[in-house]
Each structure stands twice: as structure tokens, then as C-alpha cells.
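These protein sequence lines are chains A and B, in that order.
In terms of this note's numbering, the first sequence is residues -12 to 293.
In terms of this note's numbering, the second sequence is residues 1055 to 1609.
Yeah, the Cβ is synthetic: ideal placement off N, Cα and C, and Gly gets one too.
Working notes, structure below.
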Amino acid sequence: MRFILRRVLGAIPTLLIIITLSFFMLRAAPGGPFTTQRALPPQVKANLEHMYHLDEPLWEQYGRYLGDIASGDFGPSFVYRGTSVNDLIKQGLPVDATIGGLALLMALLIGVPLGIVAALRQNTAWDYAPMAGAMVGISIPNFVVAPLLILILAVKLHWLPAGGWGDGHPWYLILPVVSLGLPLIAYMARLMRGSMVEVLNSPFIRTARAKGLPERTVIMRHALRPALMPLISFLGPAAVTTLTGSIVIEQIFGLPGIGRFFVNGALNRDYTLVMGVTILYGMLIIAFNLLADVLYGVLDPRVRLS
Amino acid sequence: MRGVARFSVPLLATLVLTACGGGGHDKLASKVHGYNVSDQPAPPAQQIFRRRLAMSPRTIDPTLATGIPAYNVVQDLFEGLVTLGPDGKIRPGVASSWDISADGTTYTFHLRAGARWSNGQPVTAGDFVYAWRREVDPKTGAEYAQSFSPVVNANAIIDGKKPPDTLGVSAIDPHTLKVQLTERTPYFLVMLYNDYCMPLYKPAVQKWGDAWTRPQHMVSNGPFKLTQWVINGHLTLSKNPYYWDASHVRLQREIDYPISERSSALSRYLADDLDFVDEPAFPASDVKWLEKMLGKQVQVSPYYATAFLGMLVHKKPFDSRDLRLALTMVLNRKVLSNQLMGGLSLPAYSLFPPLPGYTQHLPAWAHWSMQKRLATARRLYHQAGYSKAHPLKVELLYMTEGVQTRNYMEAVVTMWNQALGSDITLRNEQWKVMLQDIQYHNADLYWSSWVGDYPAPYTFAQQFVKGFAMNYGSYDKPSYQTAVAAAIAAPDKASRYAAYGRGEDVLNHDVPFIPLYHYKAAELVKPYVAGVQPNVVALHLARYIWIRKHSVQGS
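Okay, here's the thing in C-alpha cells:
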């Protein structure tokens, strides 16, 4: 408990640095939210800037912003008028959570058993085939996989929709989830195989076998838990990969997630929107890593003790 | 106006090409082509039109809306005093008729008694007065406020010198609207179909503030009303039963999907998830194989837009007319348009894109042979003081977004450097950065494009009018200003077009910009969609569109 509390408190300065850096870097980028091809009449521009407090000194804006986010208000979006950043995140986050969560789940459900089987049947077809497949899966980025899947399953065969959210209908989720999850399956399978092989060669497994335990018990009770450790520490970065990877997937499938807000916001100098998403990403990354560490402790008593 | 930054990942196209290989195209073609289409409309339940938007609209508040995607949506939700027909020509909208005073400064509009808001309330002259005052009120922050400059007191209100209620527009009675202009403005009537001229339902705007455009609050007066809006997801519009001409609207629903990736839009179209992909539907490099595969579903038509290079004409090196002339003359636009853009553009030699009724005035050199142009350009280049030893050294600025622009710019610079021996280099910047550099006069030579706001020459002519906010090159030749003023004051179309012709002659002589090409709109339309007629503003109102009875062949 104390560990968690300490980590949460430790995250605050990290977040503050993220906020400060991105706040000033955004303002330093040339062009502003109201730089438009049709130059605004000066009076109109002045009023707009006043409306969003852009006419105040930068440090004052910074102070105001910190105050706002401390109370959980990310402010109004500059570009999507009449919409607050909170609303946009509320709308977009469930999309990413669904796609990302399912992709991660799929990767675990497929990748882990594949890795275990490969480790148990070392140097057989059971090992070579999935590992070769995994190598390919890791090497091909999802912005290649996704259009290819669309081309085959949507354009040629008309089995699945080529994009869109369809209000979260499972039909629309399949392709984005698979495109996002494929490289993860590959990673997890390889990781699982590696650590399993290592564990199976360790003395305590030899002992377990020596005392005549059935192979199933050796694997399930003794080998699996330690073999899962590297995977657990990979889950944090994996969740982050899914998060950032979903920006590309959202763009290709036209999904209304926060990744597209992030990209469009940056291009349009939607300061509040970009800040909001940056902070959210920062918090999620910190949270995922914390979660992985906590799980690690749960599974491995040695970590807890030290 | 093209304020939309575009991205293109031509990946899918490449994949489609490689994956299909040899005869693969034809196999796919028969499948995609294969609809049995009847002349009869499909039953009401199937009257759904799924359309792609190039990006998510930032707002669909007619006062504030900018950019083509918002325009496509607002035009189906609202209706102005006038509206456009399927052919892109002006026809009566909320106003059934109007009178124009002999001096052309007073317009009296007679509103339809049957015009209603989506909540059943009548549309009144006061709704226009309210909306137009809101547009010019500097507190609103409307980008198009200056479009109302022809109206009495508009400029003073925009500058904050007069209150909005002094605007020269008044409701004589609920069905009569009077507009007072400062001077004859021939394009005024044509302009009125635009988003920023739409009426507004005051109680909704006042009650909900900026949030009045959310589906649960929005009240509109057009053929459709907003029922759902997931930002970056989709907008659903459903038929407005109170619309005065609802009996002629066949579509029950319109669903707009913002998809910025053109390759994604294309695959969704091919997968039958979309019925229509708006301009620009695909990169020019794809037009050939798409036409082969989809036949008439590829709809290419002239578009009221021009791409050009802007210059600072009062600053070295572009203060030299000889140099400007040499640069424009040397470009082989036919090669650029045909080979780089697959014929998806028309070579441009002057400002105005082709418009029915207007004869373009081209510079004399446009008719010369390429050889003669090269020789003359080289002479002019030397005359301007440049040579192999002292080449012209400048940067051409263009935007990062858009592969097509980059290819085009590379070809332009290569043509210059090869023909003249100049040392022109390319620099790209992100759209917003580039805009700022242009507006702060930090760019000597830059790519630019202009999409007409309404089908009349003035929308292009104004860019070189002294004092116009977007005259970034600060061009101010008196003879041009006189010609445009004469066009505005002209009592009839013939003399107006003649005056614009004189203006174009002045520009051709002065070369304050280098015209590159006039756009063509490239759209994809399924064979069962009726009522999408090509027009110069590339606007297809959903009230004219309907779905034919159809089935997929072989299924």
C-alpha cells in the first residue's frame, strides 16, 4: 500500500514536467488556433483571443491552466467550438479503451498459449511455425497490416466493414482489434517462449520432475508463474504501445477515438485539446507501469520483500 | 476556400495495385460494377445516403462554419434566402421572390409563408436579421464577417465602431426582409446561399450558447435536421418534416463520415460502406486505374478553384516584372497537369477558372510554342539581372500536408532551374506555420490555392484588391482596382464580364502571381445514387439526391 502511495505521489512531479513542457512547446509553435487562410479582421481576432484568455501574459495563462486542470477541467476546445475537452475525451476514450483492451486481451489469449506450446515442443514444427509467424508479425507494422486486411476482408470479400465505428457494434471492431493486436500476439508469443524455455531449464523444475510430479503439474504449478514474470513487466509498455498504436489504427479505420483528436488538435493548434490528451496519455502510461509493478509484486514475493 | 490540410497515405492504392496484379483489376471491376439499377426509387426505408467528409467539421454553426466539410453539412441543415439547384445555379430558397431597386442598393426579399423551422415554428425575416447581426458582431468571432461588407455599416460594426443593430438589414414584417447596400454589388444575391447568410433560430442560440449545435438542441430550417453527431465518427441528418418542400425530398437520412485518409475513404467506398465520396476523393495519380475499375462512378468535373504561386511584388527579387514574367512563362503547365495530375486539373494561365458565360482572358504567351516561351523567358531572366554566374536564389514555400503538392512543386522548381539556370529551392512547412509566414510577409514565393465561395468572378478578383485582407502580396495596381470597381458598378452581366476581362488583362501583364492550374473535382458516386449532378461549386444538396432501387449482381 505504501509502495503504491509513494509511486502515485512520485508521479505528480513527472506529470507537472509533462504539462509544463508541452504547454510552452505548444505555444512556441508558429501559428495559432486562429491563424486561418482568410485572415481575421483585427477586432474579431482580438475578441476571440480574449474569449480564450490568449491575450493574457503566458505565465498567467499557465497559472490559470494549472488551476483549471487541478479541478479536473481541461477547458474548452479551441477548434471544436461549443465542445469542452472533457466532453471530447469522454467521447473518445471508450473507443480506444474498447479497441486497445480487446487487442491486449486477444494478444494474451493467443500469444501466451502459443509461446508455451512452442517452448514445450522446442525445435519442432510447433515451435518453428508460430515463431516464424511471430517474427513476421513483429516486423510488419500495423499500418501495412490494416490496409491489407481491409483489402481482403472488406473490399474483396465484403465480409466486414472497411472502417467506421458503427456505435461500437462488434462487427466494426474486428478489423481494428486484429490489426492492433497482431504485433502484440507476436511479441507475447516470443517473450513467453523465451522465458518458459529458461524456466524449464532451471534447477527447481528439475527437482519437481525428479520427485515424480506429472508433467502437467510441473508446468501449471511450478513453471508457469515464474515464466509469466517477463510478460507482466511487458504489459506496461504493451498497453502504451496499444495506446499510441491506436492513433494510426484510428486514422486508417476512421474511428472517433482520442488519437485523432491528438493529431488534428496538434495540426490545428488546439492548445487545450492537445494538452488534455497529452496529460491523459501521461497519466495512463504512469498508471499502466504502476499496475505492472504491482502485479509483479503479487506474483513474485521476492520483489515485495525488497 | 481550401483551409483543409490533407494527408494522403497512398498505401492502400499501392497495395490494391500490387495485390490485384495482372488481370485482377477486371475481376474486382465486375464485382464493384455489378449492380442492377432500376429507374424507380428504392422504398423509404432504403433512402439513406452515406457520404464521406474530408474531415470532421469544427462547428456546424452557420455563422462560424468554415471549410468544405462543414459547408456540406450546413447546406443540408439550413436554407438561405436563395439556394443552389443541382446544377449549381442560384434558385429561390426561403425567399420566394425579391425586388432590387434600380440603383442596385436596396433588396427586398419576400419570404415563403410555408417556411418552417425543424420545431414547426415559422421562419421569419427577424431570424435573418438576428443571424446577420450575429455574423458581423466582432464579439462572435466569425471568420466570414467581412463577407457582409457590402451591407450598410457592416465594416464599422466589424471594427467595433458601431453596434450590430445598425446593420443595414431590417424586417419590414415577418415575411419581408429589406437589405440596404452601400453600393451596387452584383454578386450579393449569389453569395446569399452561403452558410454565413443562413437564418438562425434565436431562442435555441440564446438558450444553449455555443452548445446549440448539439443534436439535442439544434433547430434548423433546411430539408434535414441533425439527429446525431459523434465528433470524428459520424453525423446523422434525418428528413425535416416541416421543411416547406419536404414532399419533394426523398432521402430519409443522410450519414456523413469524416474520413481524412483518402485511401481509407476509397476502401470504404469499395467495400460498399459509402455511397458517395466528395472532392478530393482520391489522389490524381489514382485516376487512371480507378476509371478503369469503376467506370462512370468516377465523376470528374470542373471546379471553381485555382492553384497559384503568390509573391511579394514590392520586395526584391519579385519586384521585377521581367523576372515574374520569365518564371510564369517557362512552366509547361500541360505537362504538369497531364503527367503529374493525371488530367485532374486544367492548366491555368490566368486568374479566373472557366465559368459558363465568361471568356477567359489569357496572356499572349499562352498561345506561343514552348520553344518561343523558353527563349523569351531566358532573355527576360537575363534582363532582370540574373545569369549562370548570378542565379536567382530563392525558396519556394509549400505545405507539408499533401504528397501531390510536393510532387508538383518539385516539378515546378526543376523546370525553372533547368530552363533558366536559377537556384530555386523548396521549403515545406506545416499548414499553420506556412499561413503565418505568408501573413507576416516572411515568404517571398509560396504555394496557394483559392476555392471560390460562390460562382461569380469577384470571389477570385477580390484577392488582388487593395486593402483586401487576403491580398498577402500587397498588389495595388490602380488600373486593376479601376477595372474591378467598374465590374462591380456594371449594370449588366456583359459589361461586368468585360470589366473583369480588363482586370484579368492587367494581371496578365503585371504577373503579381503565377497561375498553375484550375481544379477539377474528383468524386465517386455509386450507380444507384440519383441526383448528383456535376457543378462548379462541387456542392450536391441532399434534397435533390435519392436512392434507386438496386441489387448487387449475382447475390
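Within its chain, find whatever has a CB closer than 7 Å to the CB of residue i; leave out the 5 residues flanking it on each side and keep chain order.
i, result
"B:Ser1002", "Because chain B spans 1055 through 1609 in this model, residue 1002 of chain B falls outside it and cannot be assessed."
"B:Arg1550", "Pro1240, Ala1541, Ala1544"
"B:Met1109", "Val1058, Pro1123, Pro1312, Ser1314"
"A:Ser166", "Asn129, Val132, Ala133, Leu136, Ile236"
"A:Thr259", "Phe61, Gly62, Pro63, Ser64, Phe65, Val72"
"A:Ser233", "Asp83, Ile86, Gly87, Leu167, Gly244, Gly246"
"B:Ala1596", "Phe1103, Asp1130, Pro1277, Phe1278, Leu1305, Glu1308"
So, with DSSP's three-state summary, where would you put residue i?
i, result
"B:Phe1518", "helix"
"B:Ile1470", "The sequence shown places Trp at residue 1470 of chain B, not Ile. The answer is helix: DSSP assigns B:Trp1470 an H, G or I state."
"B:Asp1093", "strand"
"B:Pro1312", "strand"
"B:Leu1366", "coil"
"A:Asn188", "coil"
"B:His1563", "helix"
"A:Thr131", "Here residue 131 of chain A turns out to be Val, not Thr, going by the sequence shown. Reduced to three states, the DSSP call for A:Val131 is helix."
"A:Ile4", "helix"
"B:Gln1437", "helix"
"A:Leu(-4)", "helix"
"A:Leu95", "helix"
With respect to 7 Å, is the separation between the Cβ of residue i and the closest non-hydrogen atom of the ligand FMN below this value?
i, result
"A:Ile6", "Absence of the ligand FMN is noted for the structure shown, with no ligands found whatsoever."
Under a Cβ-count criterion, where at least 16 other Cβ atoms within 10 Å of its own Cβ denotes burial, should residue i be classed as buried or exposed?
i, result
"A:Asn188", "exposed"
"B:Thr1513", "buried"
"B:Ser1441", "exposed"
"A:Met(-12)", "exposed"
"A:Thr228", "buried"
"B:Met1252", "buried"
"B:Thr1137", "buried"
"B:Ser1318", "buried"
"B:Lys1342", "exposed"
"B:Gly1174", "exposed"
"B:Val1487", "buried"
"B:Gln1100", "exposed"
"B:Asn1589", "buried"
"B:Trp1470", "buried"
What residues from chain B crowd round residue i, counting only those whose CB sits closer than 8 Å?
i, result
"A:Pro128", "The contacting residues do not exist; A:Pro128 stays about 11 Å from chain B at best."
"A:Trp152", "Val1284, Gly1287, His1288"
Check whether the Cβ of residue i lies closer than 8 Å to any Cβ atom in chain A.
i, result
"B:Val1303", "no"
"B:Glu1189", "no"
"B:Gln1484", "yes"
"B:Met1245", "no"
"B:Ile1212", "yes"
"B:Met1524", "yes"
"B:Ala1108", "no"
"B:Ser1292", "no"
"B:Ala1199", "yes"
"B:Leu1489", "yes"
"B:Leu1118", "yes"
"B:Ser1622", "Coverage of chain B is limited to positions 1055 through 1609, which leaves residue 1622 of chain B absent and any answer about it impossible."
"B:Gln1493", "yes"
"B:Gln1607", "no"
"B:Asp1530", "no"
Below 8 Å CB to CB, which residues in the same chain sit around residue i once its five sequence neighbours on both sides are set aside?
i, result
"A:Leu339", "Chain A is shown from -12 up to 293; residue 339 of chain A falls before or after that span and cannot be answered."
"B:Ala1265", "His1271"
Is the Cβ of residue i closer than 8 Å to any Cβ of chain B?
i, result
"A:Asn34", "yes"
"A:Ile273", "no"
Since residue i meets chain B, which of its residues come closer than 9 Å, beta carbon to beta carbon?
i, result
"A:Leu80", "In chain order: nothing, as chain B lies at least about 13 Å away."
"A:Phe248", "Ile1285, Asn1286"
"A:Met38", "Lys1193, Gly1195"
"A:Arg256", "Lys1486"
Which bits of chain A does residue i rub up against, with CB to CB less than 8 Å?
i, result
"B:Ile1313", "Gly150, Gly241"
"B:Gln1587", "Going along chain A, no residue has its Cβ under 8 Å from B:Gln1587, so there is no contact; the nearest lies around 27 Å."
Since residue i meets chain A, which of its residues come closer than 7 Å, beta carbon to beta carbon?
i, result
"B:Arg1112", "Val66, Tyr67, Arg68"
"B:Thr1267", "Gly69"
Given that residue i touches chain B, what residues does it touch there, using C-beta distances under 7 Å?
i, result
"A:Ala141", "Ser1321, Ala1325"
"A:Gln30", "Pro1192, Ile1212, Asp1213, Gly1214"
"A:Ala296", "Chain A is shown only over -12 to 293; residue 296 of chain A falls outside these bounds and no answer can be derived."
Which chain A residues are close to residue i, counting only those with a beta carbon under 9 Å from its beta carbon?
i, result
"B:Leu1363", "None at all; the shortest Cβ gap to chain A is about 15 Å."
Within its chain, find whatever has a CB closer than 6 Å to the CB of residue i; leave out the 5 residues flanking it on each side and keep chain order.
i, result
"B:Ser1605", "Asn1090"
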